[in-house]
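Following: one structure in structure tokens, then a few remarks.
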Amino acid sequence: MPQYQAVKGTRDIFPEEAARWKYVEGIVHALASRYGFSEIRTPVFEYTELFQRGIGSTTDIVGKEMFTFQPDPKGRSLTLRPEMTAGVMRAALQNNLLSSAPVHKLYYIGELFRKERPQAGRQRQFSQFGAELLGVSSPAAVAEVITLMMQVFQSLGLQGLKLRINSLGDTDDRLRYRCALQDYFSPFHDILDDASKERLDKNPLRILDSKNPALQELIAGAPKLYDYLNPASVQDFEKVLYYLDERNIAYEIDYRLVRGLDYYCNTAFEVTSSELGAQDAIGGGGRYDGLARELGSSTDVAASGFAVGMERLLMTMEKQRLFDALVPQGPLVYVVVQQQDLVDHALQIACRLRNAAIKTEIDLASRSMKAQMRDANRMMASYALFVGTTERATGLYPLKNLLTSEQTMLTLEDLLELLRELAAREQLQL
RNA sequence: GUGAUUGUAGCUCAGUUGGUUAGAGCGCCAGGUUGUGGCCCUGGAGGCCGGGGGUUCGAGUCCCCUCAUUCACCCCA
């Protein structure tokens, strides 16, 4: 066993997998840009209070999942970010973004940290991409972020994802509903599990999330949030659904969808993948108009956003074999050296090729020709170029097509010419 | 934090009721082909059997502890 291993809940991403990440990230950047979102990068740690205020102290994330530390005895408590939205909102408020322009559309890709027990689809360090649309209170804003998210899934070729959506109403709606829930559940106090008992006081909405089979019947009979929405909230929700219908985005209304973070209001949504095991949420989001004030803003900031788990996304894509066509690009030419004393000469040639923008590989470990050829074959090089004493003397080098095994003798000048042409053609095919 | 699961070669895994020197496939390296890959053949390297303790004449195998893994609960991406 190695002396050191990766910290629990963290892992390494090796080249083959990194290529898949790059591919997905490329799509995210392209589509976010097409929808008019600009990238923002915020620090991986923030003052702990930001998350306590922003996410809500009753949430599990803040209650038990944060990596919190104190850099020095007098310093303020810091926390590795467990989600992105609070940091983005902080950045926007701190820099008065909304006074320079009333609307801001931001997206991000970044690493998050939560101290949970790892399991399938759950890591202590994980990544999300997401978008935040600030300064627009119209239902068109939520529809816009949902559309972008679904567009990413579609462009990646994902199938069978399920979008569930609900309205949590405005603050007053939720307050009234909260009371109704407390009235409903209180008589059954003895039946509730410990977690639900605690939520009864702090955040009764979250009882609805419970997967405890013993409670399902009771939960099914609970009052519906939808019945407590005021006309404006209903209208807002209907409009969001209208946009989704119009864009052919399939969804399912789920009146019990609540979501774990305190800052949501009005629309909330979640996307699940049936191929993920127990942790099947691949993305989610909603409207969070209350967050800015919670973070000390003197004005309201309407906000909508979503976040998608990269690992879960990649996992689902792998299950659906969406990376099969993603084959690594081998070198165009592999320089094969006959013997030790020619290495420097071969290196010179390799440099010339590379300076001509030709993807070139050469063995630096002085292995046998057979080993070099095997290597070239393994990394799927297109051509092998042989460098030996005769070649150096005559200036004619054999170039072997590794697919057809054809071999032709060329001067270095002709070689550069030919390979440059081939490289250009390869570029076009990509 | 709770429950279960699995730890044997780089990887995937065999290993009998406890019994000599712990195996296979793939991968890696070399040779067959002394200047040329894939396929084939031959050979080679590579193991504190997760760690510690115990039972036993004897432990990869049985018992206890511990560490790690994986899955699930809670919750979330």
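Offset between the first sequence (1-based) and this note's numbering: plus 8. Idealized CB from N, CA, C, for every residue including glycine. None of these values were measured; they are calculated from a predicted model.
Here DSSP, grouped into helix, strand and coil, assigns Q78 to coil. By the 16-neighbour rule on beta-carbons within 10 angstroms, S65 is exposed.
Residue state for Q347 is assigned as coil, using DSSP reduced to three classes. Closest option to I117, judged by alpha-carbon separation, among M417, S46, T368: S46.
T368 is positioned such that its CB atom lies closer than 7 Å to that of V341.
Fully contained in the stretch 97-156 are the following alpha helix (DSSP H) runs of length 4 or more, in chain order: 105-108. Distance from V248 to A139 at the Cβ level is roughly 16 Å; contact not present, criterion being Cβ atoms closer than 8 Å.
By the neighbour-count criterion, in which 16 or more other beta carbons inside 10 Å mark a residue as buried, N174 falls on the buried side. Residue pairing of K170 in beta bridges, as defined by DSSP: T280. Each of N385, L101, F331 was checked against the Cα of A26, and the nearest Cα belongs to F331. Three or more beta-carbon pairs separated by less than 8 Å link the stretch 129-146 to the stretch 109-116, which places the two stretches in contact. For a cut-off of 8 Å, the C-beta gap from L410 to A389 is around 6 Å, short enough to register as a contact. V316 is bridged by DSSP to F137, G291. Nearest in C-alpha terms to V36, of all of M157, T397, Q133, is M157.
In its chain, beyond the 5 residues on either side, R214, I215 have a beta carbon closer than 7 Å to the beta carbon of R207.
Taken through DSSP and simplified to helix, strand or coil, K327 comes out as helix. Secondary structure at E414: coil, using DSSP grouped into helix, strand and coil.
In the DSSP assignment, the residues bridged to K408 are A392, Q415.
Where T87 is concerned, the enclosing beta strand (DSSP E) starts and stops at 86-88. One alpha carbon belongs to L58, the other to M74, and they sit about 12 Å apart. Taking one beta carbon from each stretch, the stretch 280-290 and the stretch 189-203 have fewer than 3 pairs nearer than 8 Å; the two do not touch. In the structure shown, S305 falls within a coil segment according to DSSP collapsed to helix, strand and coil.
DSSP lists T275 as the bridge partner or partners of S175. By the Cβ neighbour-count rule, G165 is exposed, with fewer than 16 other Cβ atoms within 10 Å of its own.
Closest in C-alpha terms to R19, from the list Q133, W29, V70, comes Q133.
Beta-bridge analysis with DSSP links S46 to L114.
Look at the stretch 357-386 and you find these whole runs of beta strand (DSSP E), each 3 residues long or longer: 368-370. By the Cβ test, the stretch 352-363 is not in contact with the stretch 313-329, since fewer than three Cβ pairs between them sit closer than 8 Å. Looking at the DSSP output, F53 shares a beta bridge with L88.
In the same chain as L350, and ignoring 5 residues on each side of it, the C-beta atoms closer than 8 Å to its own belong to V395, G396, T397, R400, in chain order.
Among the bridge pairs identified by DSSP, E260 is matched with R172. Counting only the Cα atoms, D270 lies some 19 Å from Y55.
For the pair P90 and G62, the Cα-to-Cα distance works out to about 11 Å. Between Y263 and R295 the beta-carbon gap is near 17 Å, outside 8 Å, which marks them as no contact. In the DSSP assignment, G71 falls within the alpha helix (DSSP H) that extends over 68-72.
In this model, G338 and N256 are separated by some 40 Å (Cα to Cα).
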